[in-house]
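Residue numbers (the working numbering), protein chains in the order written: chain E, 11 to 148; chain R, 11 to 128.
The structure under discussion appears below in the form of structure tokens.
Set out below in structure tokens:
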């Protein structure tokens, strides 16, 4: 059964302040869905990492926040979309410690660990979309 | 320009981070702390993160970098008040805060720094 979606909330990611705003919005949405504090912390941290990647490596972009329902469970899905350079080697990018920009190299791999679902879609020269989701079980 | 205030207590510098910092503010704090260690001849830096709900890899790196620079300048860094959810998330993120001692609260953190002084 395909999950049903509610209208997405779209937030720009072009400045450091946009990242802060995103964290705040994700917090509100997770609280509204009844996620525990630890679940919130993990998901917001993952969102922060990915939002920063969109900003720093993707040349800016946007985040889409979707609420999901699927077979008795509810979830929050976050998509981070840019039209930047894309990622040449996904496996490499997902290695802990690998960074092309002087960071810690934990953002992408970390987000994958912190979220329940993680999907990355990238085309070198065209852009990148990273989608993460966290599910609340009933 | 907005800045996070840095307090001095003897040879110790105390910082309480109470806002959700954007990246630029975090970098400014890192620079300010390093400058103050030199100008105040501080031997210890206490960073209170009890108000932080989120510590991501950027903030983590800022803290590690600050501790590394403090060490070069012969000062110790203690991180206090880490929220449990933050600690759990940092482990899962794979972030180890190298060169940073931790303490439960400001009082214990100050004791730790003062014990280290010759």
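Note that CB positions come from ideal geometry on N, CA and C, so glycine has one too.
Whether residue i touches residue j by CB criterion (8 Å)
i	j	result
residue 113 (chain R)	residue 88 (chain R)	yes
residue 72 (chain E)	residue 21 (chain E)	yes
residue 115 (chain E)	residue 126 (chain E)	no
residue 96 (chain E)	residue 137 (chain E)	yes
residue 58 (chain R)	residue 116 (chain R)	yes
residue 50 (chain E)	residue 75 (chain E)	no
residue 61 (chain R)	residue 16 (chain R)	no
residue 55 (chain E)	residue 64 (chain R)	yes
Residue i burial status per 10 Å Cβ neighbour count (16 or more: buried)
i	result
residue 48 (chain R)	exposed
residue 31 (chain R)	buried
residue 101 (chain R)	exposed
residue 86 (chain R)	buried
residue 18 (chain R)	exposed
residue 140 (chain E)	buried
residue 68 (chain E)	buried
residue 29 (chain E)	buried
residue 94 (chain E)	buried
Residue i - partner residues in DSSP beta bridges
i	result
residue 18 (chain R)	R:23
residue 45 (chain R)	For residue 45 (chain R), which the question treats as bridged, DSSP gives no partner whatsoever.
residue 63 (chain E)	Residue 63 (chain E) pairs with nothing; no bridge assigned.
residue 74 (chain E)	E:20, E:89
residue 111 (chain R)	R:88
Can you give me, in chain order, the residues of the segment 84-112 of chain E that have a beta carbon less than 8 Å from any beta carbon in chain R? So the list reads 106, given in the order they occur along the chain.
Of all the residues that make up the segment 89-115 of chain R, which are near chain E by a beta-carbon distance shorter than 9 Å? 93, 94, 95, 96, 98, 99, 100, 102, 103, 104, 105
May I ask you to list, following chain order, the residues of the segment 29-44 of chain E that have a beta carbon less than 8 Å from some beta carbon of chain R? 29, 30, 33, 34, 37
Mind checking the segment 59-78 of chain R against chain E and listing, in chain order, the residues whose C-beta falls within less than 8 Å of any C-beta there? Using a CB distance below 8 Å, the part of the segment 59-78 of chain R facing chain E consists of 63, 64, 65, 66, 67, 68, 70, 71, ordered along the chain.
Runs of beta strand (DSSP E) lying entirely within the segment 67-107 of chain R, each at least 3 residues, in chain order: 86-90
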